[in-house]
Every structure is written in structure tokens, then in C-alpha cells.
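So the sequence shown is numbered by this note's numbering: it starts at 7 and just counts up by one.
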Amino acid sequence: RSVKCVWLGSDFNSFLLSPVIMAEKLLLKKLTVKEVICPICREIFIEPVSLPCKHIVCLQCLEQTVENNTLSCPICRTWIGTFLRLAKNRNKIVNHKLWEQLKKQFPREIERKCNGEEDGISNQLMEDQPRPSLTTDRCSIKKEFDDLLNKLKIEEEKCRKAEQSASEKLAQQLMEEELEAERRRKTEERSISTRDSILARSMVESESENWEPDDMQADSTSNDDDMDVENGRDSISIEFRHFTPICIVPKTPPKLLPNGQVKDTKILKPKNLSRSLDRRRANKSGLSLQNKASLKVSSNNFLSIQALM
């Protein structure tokens with residue numbers, strides 16, 4: 007038991023004095039700003055505590071860690087429960103030598119932190135660190151700008167060509183539709199003209215088949231001529247009984263005089279010559295209807311009569 011106790015005592019002494027020895031080594035040189043900053047509160051050490059894991063923290067930061075039932079180093083999570091219990095019993099938890107040197111080297115910063123102000127040690131640390139610099143080649147920004155500008159021009163040219171091709175395609179499609187409509191219209195006109203000519207030819211043929219000789223016609227039409235004379239019709243109206251107008255044009259409205267009265271328009275009517283018997287006989291002995299007129303179909307789909315002389 008005695009040997010074991012002696013071994014524990016020597017091990018404890020070396021364990022307890024190792025942080026102190028490390029702190030004394032720090033005292034041999036001038037402390038830098040980076041070495042006096044607490045890794046927990048990021049401010050200057052106040053009553054620094056040297057832990058067995060070679061980390062140094064403020065006493066207040068260590069007490070807050072212990073209050074949260076964490077008996078381990080707040081930085082590396084090494085177990086420090088035995089060290090804290092033995093160090094408190096011997097009142098050697100604070101590294102007094104390091105604390106005295108901090109008071110001598112950084113008195114203003116310690117005073118500010120004790121008064122609840124910012125110690126400014128972090129600003130000194132930022133000033134001591136070299137500022138990062140980014141080296142660039144000469145005219146690299148202009149080159150990058152030119153590359154982006156060229157890429158934009160290429161995209162605009164592609165968009166312009168696509169719009170132009172789409173416009174040309176649409177124009178070609180519209181032109182083809184117009185040509186197709188024109189071909190359909192001409193085909194329809196030709197078919198209508200063909201049907202009209204066939205109809206007119208059939209009408210002429212049917213009229214010639216139903217026509218009687220002059221002697222038989224003279225007897226059969228004598229009563230009709232007398233009736234026509236009584237009704238006051240002209241001699242040519244009977245020959246057009248099979249034809250009707252294709253389009254009836256409305257009457258022209260009457261013209262007005264300067265005084266507002268309706269102008270009296272004289273209507274000229276053909277003279278009826280069928281009262282004379284000699285004239286009626288001459289008409290009977292004249293040419294037949296087929297020899298008198300021939301039917302002609304015009305290109306505008308209207309029928310016209312051309313007298314044969």
C-alpha cells in the first residue's frame with residue numbers, strides 16, 4: 007500500500023506541475039496577442055487556468071463549463087474532474103505567474119474587460135494577421151468582359167436568325183395558301199362555265215327538236231298571234247319565253263328636279279306591227295328560230311343573243 011501511495015503521489019505531482027511548467031516556458035518570451043486570447047470567450051485571459059491537456063482558459067469560462075455538469079475540457083473534451091478536485095483543495099487552480107505577466111503586458115485590456123467593456127484584443131489580432139491578397143493577370147477583367155460581350159452577341163445573332171427563318175417560313179406558307187385558293191377559284195370558274203355551256207347547248211337542242219315546220223306553225227300560231235295582238239305584246243317576246251334573267255337589277259330611283267318635284271321620264275315602247283296581216287305572213291315565211299339566233303356563252307357566265315344577218 008505504501009508503495010502504491012508513493013507512486014500515486016509522484017504521478018500526481020508530475021500531473022499537477024506539467025501545466026505550470028508549460029506556462030513558465032511561455033513566460034520566458036514575450037506573449038503575443040494570439041497567445042493571450044481565451045478560445046471560449048475570445049477575449050484576453052482573466053485568471054487563466056492551465057489544464058492537463060495543455061489548453062488555457064479563463065477561470066470564469068471554466069466555472070461555467072463545470073456548472074453545466076461537464077467535467078471535461080471545453081476544447082478537446084478531455085476528462086479533467088480529478089485535476090479540478092485536487093487543484094481546488096491546494097488552491098492552485100489559477101496560474102498566478104501567467105496572470106501576473108498578463109497584468110504587466112496588457113493592463114489596459116484587462117481593465118476594460120473587468121469594467122464590462124470590449125478589451126480590443128480581437129482588433130489587434132486582426133491587424134497583426136496579414137490581409138489576403140488576390141493576384142490577377144494584367145487586363146484580365148477586360149478580357150473577361152470581352153468574352154461575356156462576345157457570348158452575348160453570339161446569342162443575339164442566333165435569336166435574330168431564328169426569328170428571320172420563322173418569318174420567312176410564315177410568309178412562304180401564306181403565299182402557298184394564296185396560290186392554292188387562286189387555283190381553286192379558277193377551277194371552280196371553269197367548272198361553272200362548262201356547266202353553263204352544256205346547259206345552253208341542251209336548251210338549244212331541245213328547242214330545235216320541238217320546233218314545227220312553217221306551214222304547221224302558221225296554222226298553230228295564228229291564234230296565238232291574234233291573242234298577242236289583243237294583249238299588246240311585241241312579236242319578239244314569244245321567242246324569249248324560255249329565257250329568264252340571271253340577275254334582276256333593282257330599278258333606278260326617280261330623279262328630282264331643282265324644285266323638289268319628281269322628273270317625268272318618258273318611256274319608249276316598241277311599236278306593235280303584228281296588226282298587219284301582210285307583216286304576219288312575212289314573219290311566218292321568214293327564217294326559223296334556229297336560223298335567226300345563235301346562243302353564245304360569255305366568259306363572265308352570262309347569256310347573250312347575237313342576231314344572224
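We put the beta carbon where it would ideally sit given N, CA and C, even for glycine.
These figures come from a predicted structure and were not determined experimentally.
From the listed residues E73, C59, L65, the smallest Cα separation to I52 is found for L65. In the displayed model, C165 falls within a helix according to three-state DSSP. DSSP, read as helix, strand or coil, puts V55 in strand. Of the other Cβ atoms in all chains shown, 16 or more fall within 10 Å of the Cβ of K119; this residue is therefore buried. Using a Cβ distance threshold of 9 Å, T71 and P58 do not count as a contacting pair. For V72, the enclosing alpha helix (DSSP H) begins and ends at 65–73.
Between the beta-carbon of V100 and that of V42 there is about 15 Å, and that puts the pair past the 8 Å contact cut. Restricting attention to L90, P45, K148, the CA atom closest to the CA of C82 is found in P45. Restricting attention to R166, E69, R48, the CA atom closest to the CA of G87 is found in E69. For H61, the closest alpha carbon among the candidates E73, T84, N74, S208 is that of T84. Here A93 is buried: its Cβ has 16 or more other Cβ atoms, across all protein chains shown, within 10 Å. In this structure, the alpha-carbon of M181 lies about 44 Å from that of V210. In this structure, DSSP gives V42 a helical state, which the three-state scheme calls helix.
Secondary structure at I86: coil, using DSSP grouped into helix, strand and coil. When the five nearest sequence neighbours on each side are left out, the beta carbons in the same chain lying within less than 8 Å of the beta carbon of I127 are those of V39, V42, I43, E49, I50, F112, E115, in order along the chain. C120: member of the alpha helix (DSSP H) spanning 113–120, first to last residue. Looking at the DSSP output, L262 sits in a beta bridge with V268. For a cut-off of 8 Å, the C-beta gap from L90 to L77 is around 7 Å, short enough to register as a contact. Within the same chain, and ignoring the five residues on either side of K109 in sequence, the residues whose Cβ sits closer than 8 Å to its Cβ are I116.
About 13 Å separates the beta carbon of K272 from that of P260, a gap too long to meet the 8 Å contact definition. Q107 places its beta carbon 9 Å or farther from that of L154.
In the three-state reduction of the DSSP assignment, I62 falls in the strand class. A direct Cα-Cα distance of roughly 12 Å separates T193 from R201. For S78, the pairing in a beta bridge is given by DSSP as W85. When DSSP states are grouped into helix, strand and coil, I50 belongs to the strand group. Collapsing the DSSP output to three states places K36 in coil.
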